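Residue numbering for the sequence shown follows the UniProt record's numbering, starting at 1 and increasing by one per position. Just below is one structure, and these are the notes that go with it.
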Amino acid sequence: ELYAWGVAAYGRLGLGKDELEGAPVQSRLLPEQVRVGGGVNVWQASAGDTHSLVVATDGSLYSFGNGGYGRLGHGDEDNRWEPTLVRALRYTPVAYACAGMAHSLIHLDAGGVMTFGCGNYGVLGHTDTQNKLVPTAIPGLNNVVAVTTGAAHAVACLADGQLWSWGSNEFGQLGSERVSTGLEAGSAEPVAVKTP
């Protein structure tokens, strides 16, 4: 089961629209159950700044909330008020999902990584800063066992223990010597973290 509470702007809680008023639900002080895909079992969930991602036990991915920049993965920038299946991944099982500030990162059962949403700072890992409206694989990033994302950077751990990072490096968060400024990418593609 999945529960949500707090501010519901953009549909970020996944509770739909208020049935009495027909208007978007604005906030909930107490937890309410979120209905996912007609009753699928929830494996994992991640809340970003204004959107959320849910992985079901069958590996399917659902998203809801602010659709700006394509962060929901539906091929458009529309908000979703209830958990909506990401159809582009219906034949690609997802192991884990991370919702960032305006982007999303998913770890596939097969060990790859896909990203979508706002590409500022190179946070999508596709060698550029372009937005992606649908899940797009990061080339060459395989055998991944864990992923995480911050507001503007991401990190993946490979099966051999090696860490890779990409995105903003304004505060040294990539583990490399080069610091970035503004919307410039510290690295718009995964780079190995230099460990001692």
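Just so it is clear, CB atoms sit at the ideal spot from N, CA and C, and this is done for glycine as well. Just so you know, these numbers come straight off a predicted model, no measurement behind them.
Chain-order list of residues whose beta-carbon lies under 8 Å from that of L30 (same chain, five-residue window excluded): Sequence-distant Cβ neighbours of L30 in its own chain, meaning closer than 8 Å and more than five residues away, are W5.
Three-state secondary structure (DSSP) at Y91? DSSP places Y91 in coil when its eight states are reduced to three.
Environment of F64 [buried if 16+ CB atoms lie within 10 Å]: The residue is buried, with at least 16 neighbouring Cβ atoms inside 10 Å.
Identify whether G167 lies in helix, strand or coil by the three-state DSSP scheme. In the structure shown, G167 sits in a strand (DSSP, three-state: E or B).
Tell me the rounded alpha-carbon separation between F116 and I106. In this structure, the alpha-carbon of F116 lies about 9 Å from that of I106.
Proximity of V86 and L124 at Cβ, strictly below 8 Å: Against a cut-off of 8 Å, the Cβ pair of L124 and V86 comes out as no contact.
Looking at the secondary structure, which residues open and close the beta strand (DSSP E) in which L108 lies? It spans 103–108 - the beta strand (DSSP E) in which L108 sits, taken as one unbroken run.
Secondary structure, beta strand (DSSP E): runs of 3+ residues fully inside the UniProt repeat "RCC1" (111–160): Complete beta strand (DSSP E) runs here, min 3: 113–117, 132–137, 144–149, 153–158.
Inspect the beta-carbon positions of A156 and L174 and report whether they are closer than 8 Å. No; because the gap between Cβ atoms is not below 8 Å, this pair is not in contact.
Element boundaries [beta strand (DSSP E), containing A47]: First-last of the beta strand (DSSP E) with A47: 42–47.
Where the beta strand (DSSP E) through E82 begins and ends: E82 -> beta strand (DSSP E) spans 80–85.
Contact check, W166 vs A192 under 8 Å by CB: the rounded distance? Not a contact, Cβ separation roughly 11 Å.
Who are V193's beta bridge partners in DSSP? Answer by DSSP bridge pairing: none, since V193 is not bridged.
Beta-carbon contacts of V40 that lie in its chain and below 6 Å, excluding the five residues immediately before and after: Answer for V40: A56, listed in chain order.
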